[in-house]
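Working notes for the structure below.
Residue numbers (our numbering), protein chains in the order written: chain A, 12 to 490; chain P, 12 to 490.
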């Protein structure tokens, strides 16, 4: 459990939430915010605040925060920009520790008034030692606490999981969340930083580094006023858990747009990219890849070497996987003579028996078991990728048991690339992943995830060497 | 309608199909073949042939092809390799014009007997002027004729469409088909070349070039005995329709596997890649990309220039799109002063009003119409990409009409990148695509498709210059 004295505790573990600017009109953000809290089955009281309404979404409404008798741990502010300060003042008096300002119209607008208003906001927050998320954010969620304090009710339907996401872009956060939905990937904490009036990546990372519910952190970065603080926070986090980061604004054209959006310099992409890697971040250029890498990192321990063995029943996808392995900078394991002999003995001559190993029509459980075992036993193999295609002749359900059994006998990572039309193997995917075998539908995606796993192994190794061999992971566990 | 005298006509337009080696056991390929034909509602008679069975899947079975009284236009052979020749001989006597040999155990096996058997097969086919697809193939489909002559019944559930697919790998063909399923992309003809005993890409391309039901052709190539024939066939096809091609076996490791699989030299990837491009192919390294590019090419005419305008309601995805545009070698349009003035006039200052244009909260239909129109009217803009995110505040249904209206007023391509969790906007996607606006869920995918569209424009332009200005497309239409 997180430390209740941490200033971010009320944000992620509030006992009650007020929505200031709640509304009964579904086209208003103040409606969707209340809806989000309800749909996530938030266990504590939800207080809609609205100057006139008596009831909003079936909940008694309050004309003012001061009217609420109970404590308010977290307040979501959805009132117009001009009404923010009275609302904040009321929250402060109430002792509200977590503030999320959804309202837009601050630093991001093309008008000096916005900049001025945001400066006042930062000053207020810093003066009173309050942590404010936003303004101009979709909000915050902590699915483990059944908290969806965002304007997107559908976040409530996400699976709970060990991946936390901090994004400078609401749109990109939604792209990632939609993929997580579709693929049943579990998320934990989701934070839209918005305009970052006094909370930025660097402030949240130490909290997430200690957070027992978070095993991997995804960052989507547009621009930063103080990139060094971000880099230093990443550096302090990666000994304990992996940070998968994307920096948007690679080109001059997009950097200009990022600057308009965030009010911060986007910075030269190449410098950012190199600095993020140097700090120990695993860097990607694609939101889908962020999630693919984060998933593998929550299921598997870092891989030690880069030699991959591939096992397939179809030659073509085996070739695609091989191409992807080589392209990604990993390498294809050269099977030992002993392995090669054993495989040649029990596989028929109708198959490709070098790496990739194409089982073709050798569908017996025995052949599968033997081949997987041989490959995992081979000293030249660091990781095993298995490809399965859904088909009347391919009983993927029947392979769950044997593959999980082989996996449990080995300390090496096993990754499954299983391709099927939607709706056919979702249950099997869940079983595989519960058993420690991450599943990806396309060859390219399986390999980019494995490459991320390998990258984290290298980052940890570098760290260990730097610390003179003192296991920083063990230190991390004590925090 | 295709020419009935063409030797491939019976393959794609048979009036009747026999399955030689049909079976009542669902674990046998001979069962799945009959199932495929039935599930696709093949309109002509289906004749299961089996030495003992009286009935298979509710159809009367025949002990021998000679027993069948009616004509047999297409025969699927699923008997063991040793029984192939008597079956072929019987088909020849019956005047069967289309032969698909599903049976494996020929050139692909690690045994000289297989090679020998295949040579005999080729000799037989060439001697009698019969076109044989296979051996060692999943089969053939022509969805426009309700023909699924493959061992994969689920092909029958595919949408009918103008994309035809010829693949040297069954596994990779299934990867592409599964994506087409999931995204409702329509396919026409699907051919698994298998071991290519006397039908290869170069033989099928002229047929598909003339085929009125095919508007774009996808090729998945592993290795070729006669690469020049393939290149020449592509060259002759691209004046009439685009060819999107992928060559597997980029690395030495995968080329070795491809060689084992196909029995053909995979060839140096770089040379293949350059030659395919030189011949006018649009080349990709990803099966999903093949389908994304093929889809845009069946919906839109080639784009003339590479300047892209982006319109979004979320800054972050606009920045991702911009990055993807620049990475892909396309460019961001510099809006004319007039456009910039007009946009500044009706968009609030809360938004990014240069390219990418971020509408932010300017959700009115009028603002949408005006912005789209301005961008499409601008001489500096060659193509427009619109990004939409599914959300309670974003009424994508309401945008279908306005966007299609703007599209119809312009000759420039409009591409939509619309992101939603599964199950929310499928109907809208169908409407957009029927109206001529292709839809992709992720920024990266929208841009790679647009890049393919631009590539085809360049290929056609090169062709036109080569022909000294004589519109080869017009010639194509006469065929």
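Every residue, glycine too, gets a C-beta built ideally from N, C-alpha and C.
Is residue i close to chain A, meaning its C-beta is less than 8 Å from at least one C-beta of that chain?
i                      : result
residue 370 of chain P : no
residue 117 of chain P : no
residue 487 of chain P : Model confidence at residue 487 of chain P stands at a pLDDT of 36, short of 50, so the residue's coordinates are unreliable and nothing is read from them.
residue 281 of chain P : no
residue 129 of chain P : no
residue 192 of chain P : yes
residue 477 of chain P : no
residue 264 of chain P : yes
residue 37 of chain P  : yes
residue 43 of chain P  : yes
residue 304 of chain P : no
residue 59 of chain P  : no
residue 248 of chain P : no
residue 400 of chain P : yes
residue 146 of chain P : no
Could you tell me if residue i is buried or exposed, where buried requires 16 or more neighbouring beta carbons within 10 angstroms of its beta carbon?
i                      : result
residue 172 of chain A : buried
residue 146 of chain A : buried
residue 408 of chain P : exposed
residue 295 of chain P : buried
residue 38 of chain P  : exposed
In chain P, which residues lie with their C-beta within 9 Å of the C-beta of residue i?
i                     : result
residue 15 of chain A : Chain P residues near residue 15 of chain A: none, gap ~33 Å exceeds 9 Å.
In chain A, which residues lie less than 7 Å from residue i when you measure between Cβ atoms?
i                      : result
residue 269 of chain P : 330
residue 243 of chain P : Correct list: empty, because the minimum Cβ distance to chain A is about 24 Å.
Taking 8 Å as the threshold (beta carbon to beta carbon), is residue i in contact with chain P?
i                      : result
residue 455 of chain A : yes
residue 334 of chain A : yes
residue 211 of chain A : no
residue 261 of chain A : yes
residue 197 of chain A : no
residue 256 of chain A : no
residue 48 of chain A  : no
residue 233 of chain A : yes
residue 69 of chain A  : no
residue 317 of chain A : no
residue 326 of chain A : yes
residue 343 of chain A : yes
residue 433 of chain A : yes
residue 180 of chain A : yes
residue 91 of chain A  : no
At a Cβ threshold of 8 Å, is residue i touching chain B?
i                      : result
residue 185 of chain P : Of the protein chains in the structure, A and P, none is chain B.
Would you mind giving the Cβ-Cβ distance between residue i and residue j, rounded to the nearest angstrom? I have them listed as a contact below 8 Å.
i                      : j                      : result
residue 215 of chain A : residue 177 of chain A : 6 Å
residue 22 of chain P  : residue 112 of chain P : So it is not a contact: roughly 12 Å between Cβ atoms.
residue 432 of chain P : residue 193 of chain A : 6 Å
residue 418 of chain P : residue 463 of chain P : So it is not a contact: roughly 19 Å between Cβ atoms.
residue 335 of chain A : residue 454 of chain A : 5 Å
residue 68 of chain A  : residue 90 of chain A  : Not really, about 18 Å apart at Cβ, beyond 8 Å.
residue 318 of chain P : residue 392 of chain P : 6 Å
residue 212 of chain A : residue 232 of chain A : 7 Å
residue 272 of chain A : residue 363 of chain P : 6 Å
Check whether the Cβ atoms of residue i and residue j lie closer than 8 Å to each other.
i                      : j                      : result
residue 381 of chain A : residue 357 of chain A : yes
residue 142 of chain A : residue 209 of chain A : yes
residue 53 of chain A  : residue 153 of chain A : no
residue 101 of chain A : residue 84 of chain A  : no
residue 301 of chain P : residue 187 of chain P : yes
residue 106 of chain A : residue 77 of chain A  : no
residue 328 of chain P : residue 260 of chain A : no
residue 175 of chain P : residue 200 of chain P : yes
residue 33 of chain P  : residue 60 of chain P  : yes
residue 304 of chain P : residue 293 of chain P : yes
residue 426 of chain A : residue 400 of chain A : no
residue 117 of chain A : residue 203 of chain A : no
Who are the neighbours of residue i on chain P, taking C-beta pairs under 7 Å?
i                      : result
residue 496 of chain A : Chain A is shown only over 12 to 490; residue 496 of chain A falls outside these bounds and no answer can be derived.
Taking Cβ-Cβ distances shorter than 9 Å, what residues in chain A pair up with residue i?
i                      : result
residue 253 of chain P : Result: empty, since nearest Cβ-Cβ is about 22 Å, beyond 9 Å.
residue 338 of chain P : 261, 262, 296
Under 8 Å Cβ-Cβ, which residues of chain P neighbour residue i?
i                      : result
residue 363 of chain A : 268, 271, 272
residue 164 of chain A : 403
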